[in-house]
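What follows is one structure encoded as structure tokens, with my remarks underneath.
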Amino acid sequence: MGFKKLIKSKKILSLLAVFMLTGTNLVMAQTAAAATPAATDDKSVMWMGAGYYVLLFLLLCVVIAIVGKILKVYDLTRQMQGKKELNWNNLMAVICLVFLLFGLYGAYWSFTVQGSMTLPEAASANGVKIDEMFTVTTVITMFVFFVTQILLFTFLFRYKHSDKRRAFFLPHNNTIEKIWTILPAMVLTILVVFGFFTWQEITNSADAKGDRPSLNIEVTGHQFAWELRYPGKDLKLGAVNYKLVTGDNKLGIDFKDRNSFDDLEADTMYLPVNRSVRLNIRAQDVIHSCYMPHFRVQLNAVPGLPTFFKFTPTITTADMRNRLNNPDFEYLLYCNKICGGIHYNMKKVVRVVTEAEYQQWIAKQKPYLTDALRKEWNMPVAPAAAPQDTTTAKNRLALNN
Ligand SMILES: [Cu+2]
6 MGFKKLIKSK
16 KILSLLAVFM
26 LTGTNLVMAQ
36 TAAAATPAAT
46 DDKSVMWMGA
56 GYYVLLFLLL
66 CVVIAIVGKI
76 LKVYDLTRQM
86 QGKKELNWNN
96 LMAVICLVFL
106 LFGLYGAYWS
116 FTVQGSMTLP
126 EAASANGVKI
136 DEMFTVTTVI
146 TMFVFFVTQI
156 LLFTFLFRYK
166 HSDKRRAFFL
176 PHNNTIEKIW
186 TILPAMVLTI
196 LVVFGFFTWQ
206 EITNSADAKG
216 DRPSLNIEVT
226 GHQFAWELRY
236 PGKDLKLGAV
246 NYKLVTGDNK
256 LGIDFKDRNS
266 FDDLEADTMY
276 LPVNRSVRLN
286 IRAQDVIHSC
296 YMPHFRVQLN
306 AVPGLPTFFK
316 FTPTITTADM
326 RNRLNNPDFE
336 YLLYCNKICG
346 GIHYNMKKVV
356 RVVTEAEYQQ
366 WIAKQKPYLT
376 DALRKEWNMP
386 VAPAAAPQDT
396 TTAKNRLALN
406 N
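This note's numbering runs 5 ahead of the 1-based position in the sequence shown.
Dropping the structure here:
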């Protein structure tokens, strides 16, 4: 009777396995077929891919369950024949060891495969520091990870249950408690203090002075673009008030503030190399995120909450092109917050140049204060209002022609 039942259950299980295998084959075939016209329907390929892995996982669970059941049946038949029953403790101990080996290989695999997807070389002074912190943190946590995992699973294997010995009873040990509390606390304190000083440098409000003063740039995010504003020769950006936004005054610049008279707008972000830059970040509608991966700069752009990030670019675009052997390389400013349907469009080219190239470029930029704005603000259209910047006045005349 029992044997017949066994055959019956085996039949059902093998039928199930065949069904699952055919299912996966079908999905695989469909994935391959769908992959060829990839350009037409990317989403269906993506979901087919995800569905395939979910199915593969379920199949793995079923296979493990089947192997477990077969072992159980094998154990029962041995018992019925009066033989020694299976040692489940030994089996579990071996499985733990196998799991450890697979896990360690998985960790190694993700380091070699995903490790190559890390950020490219840091092109700013603060970026080098952030990378150092990242490396130190990774080395410490990986050391702890490997030591604890190896100890955990080898202990499970080495000290599996045995009828021949009794377990050692260890209810409490103050020395061990002290070690595993104080040691991590010390390591974490060192990491946090490291991070605190680096962050303080980035958000330090005192600007560099002297012959190379800090450069103030304003970047404003809106759905779906970044707007750039550079100061004129006074190196000061004029005040902003969102209530002043109009068709001509899209950033809402307050022209009661004289500092705004010589402000410039730009399409590309030019940065002079080795000069401290203070990036003033604003948003006009939803939360965006100002992200420049090469400079390790990332800060949210929040409406009503101006923030800033300070950094010093250290490698010019030309240098980076040489290093990467890629003549088309550009630094980029992205939006790193999914802020709406055309979020992917929020990208701006950033060019790091020498001080001389920067001065040449800035002299050619358009003033923000156009004649239309002068009319709006009842200001004289003649450039008399901004006598400190003759270059922009010349450009304005050239533009009017
Ligand atoms: Cu955005």
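The beta-carbon is built from N, C-alpha and C at its ideal position, and this holds for glycine as well.
Per-residue burial, residue i [other beta carbons within 10 Å of its own, 16 or more giving buried]
i    : result
S265 : buried
A38  : Its pLDDT being 42, under 50, A38 is placed unreliably in this model, and the value from its coordinates should be taken loosely. Exposed.
N94  : exposed
D268 : buried
I184 : exposed
M85  : exposed
L106 : exposed
P236 : buried
F104 : exposed
R234 : buried
G132 : buried
M274 : buried
Q205 : exposed
G243 : buried
G3   : Not covered by the structure: residue 3. The range shown for the chain is 6 to 406.
H293 : buried
Q365 : exposed
Extent of the continuous beta strand (DSSP E) run through residue i
i    : result
Y336 : 336 to 340
N221 : 220 to 227
R280 : Here R280 belongs to no beta strand (DSSP E), and DSSP marks it neither H nor E.
A368 : Segment: none, A368 is in no beta strand (DSSP E) and carries neither H nor E.
R263 : R263 -> no beta strand (DSSP E), and no H or E assigned at all.
H348 : Element bounds for H348: n/a, residue is neither H nor E.
Y235 : 230 to 235
M297 : 293 to 297
Beta-carbon proximity of residue i to residue j, cut-off 8 Å
i    : j    : result
T123 : L196 : no
F300 : S129 : yes
E223 : Y373 : no
C101 : F162 : yes
V282 : P308 : no
V358 : V278 : yes
D253 : A377 : yes
K352 : Y363 : no
R280 : L220 : yes
V407 : M297 : In the structure as shown, the chain starts at 6 and stops at 406, and residue 407 therefore has no counterpart that could be examined.
A344 : V291 : Here residue 344 turns out to be Cys, not Ala, going by the sequence shown. Yes, they are a contact pair.
I347 : F313 : no
E409 : T321 : In the structure as shown, the chain starts at 6 and stops at 406, and residue 409 therefore has no counterpart that could be examined.
C295 : Q289 : no
N209 : K315 : yes
A98  : K169 : no
D259 : V250 : no
F229 : N350 : yes
K134 : T203 : yes
L91  : L76  : yes
L188 : P218 : no
Per-residue DSSP class, three states only, for residue i
i    : result
W185 : helix
Q303 : strand
T317 : coil
V386 : coil
L109 : helix
L242 : coil
S210 : coil
E90  : coil
I258 : strand
N331 : coil
T273 : coil
L124 : coil
Y100 : The residue asked about is misnamed: residue 100 is Ile in this sequence, not Tyr. Reduced to three states, the DSSP call for I100 is helix.
R326 : helix
V358 : strand
T312 : strand
R287 : strand
Residue interval of the alpha helix (DSSP H) (run including residue i)
i    : result
R379 : 376 to 381
Check: residue i C-beta below 7 Å from any heavy atom of ligand 3
i    : result
M274 : In the structure shown, ligand 3 is absent; the only ligands present are ligand 1.
What residue ranges within the stretch 137 to 201 form continuous beta strand (DSSP E) runs of no fewer than 3 residues, ordered along the chain?
none
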